[in-house]
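Novice: One structure, as structure tokens, below. Some questions next.
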Amino acid sequence: MAVETAKDSLTLNQIIEQKRDIFMVEEDCIVPDVKPDILNIISNSGIVCIYKKEIMDGKIKLDGCVNTYIMYLADTEENQVRSLNTNIDFTQTIDMEKVRSNMSLDANINLKGLEAHVLNGRKIHVKAILEVDAKVSSNEQVEYIKEINNLRDVQCLNKE
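First residue of the sequence shown? That's 30 in this note's numbering, and the numbers climb one at a time after it.
In structure tokens, the structure reads:
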């Protein structure tokens, strides 16, 4: 006697590994010739952009940039307030032992701090402190028996 079963599939999402990491990126930026020299920095702000996430066996790699906006006091007779936009590119590799290349990655990067210092009238040093919150999960397809058909002369327990 053959027992017929009806099967269905289910996708299981399982978090494999989570990691929080803090790293720093810094760069010297040159003021373009069309802008006046810098006397003093008034304020700065920035936004983090991720443009590539890559999962490899045992590690993840994030490529992105920090778009910064710097307001400064110009070294002119009128002491004008001017601004400067700069980009700081970064590539960060984070070791995660259980990660495999077929898994999916959810990574968020937050800007924890941004500092800008005047090196000379045409050059500033920008330093950004970034915090990465990475979560790697695996998606697995599992089949399960939905119901059993053709139950003649077979006792079936439907409830515990």
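For each residue, glycine too, the CB sits at the ideal point set by N, CA and C.
What separation, rounded to the nearest whole angstrom, lies between the Cα atoms of D57 and F119?
Specialist: 14 Å
Novice: Between V155 and I123, is the Cβ-Cβ spacing less than 8 Å?
Specialist: No Cβ-Cβ contact shorter than 8 Å links V155 with I123.
Novice: Relative to the C-alpha of I45, which residue among E144, K164 and L186 is closest?
Specialist: K164
Novice: Are the CB atoms of R151 and I59 nearer to each other than 8 Å?
Specialist: yes
Novice: Measuring straight from C-alpha to C-alpha, what distance separates Q43 and V171?
Specialist: 12 Å
Novice: Are there 16 or more other CB atoms within 10 angstroms of the CB of A145, so buried, or fewer, so exposed?
Specialist: buried
Novice: Where L113 and M100 are concerned, what is the direct C-alpha to C-alpha distance, given to the nearest angstrom?
Specialist: 6 Å
Novice: Quick one, are the C-beta atoms of I71 and I153 less than 8 Å apart?
Specialist: no
Novice: Tell me the rounded alpha-carbon separation between V110 and G87.
Specialist: 48 Å
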